[in-house]
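Residue numbers (the numbering used here): 4 to 87.
Below, the structure is given as structure tokens:
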């Protein structure tokens, strides 16, 4: 089992929050689990979430977040994002 400081990982990999980090790692773990016959490098008893987190720590996992265009909309508070 891997123990990692989520805040430290967020800073190291320029991820905006620990919640985004959680989504990134969980999506990779889900992908690994859906590859039924696929061999996972390393210990075969290792859980997919541990493998995904280790891939992030090793720099094997990359992420990208699309930029969100923000517009001022009359009657809508500034903190609300309106996408088109």
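Backbone N, C-alpha and C fix where the C-beta goes; we use that ideal spot for every residue, glycine too.
Measure the alpha-carbon distance for residue 12 versus residue 60 and round it to whole angstroms.
8 Å
Which one of 33, 15, 27, 24 has the shortest CA to CA distance from residue 50?
33
The alpha helix (DSSP H) spanning residue 27 covers which residue range?
21-37
Pick helix, strand or coil for residue 63, following the three-state DSSP scheme.
coil
Quick check: the Cα distance between residue 57 and residue 28, rounded to an integer number of angstroms?
9 Å
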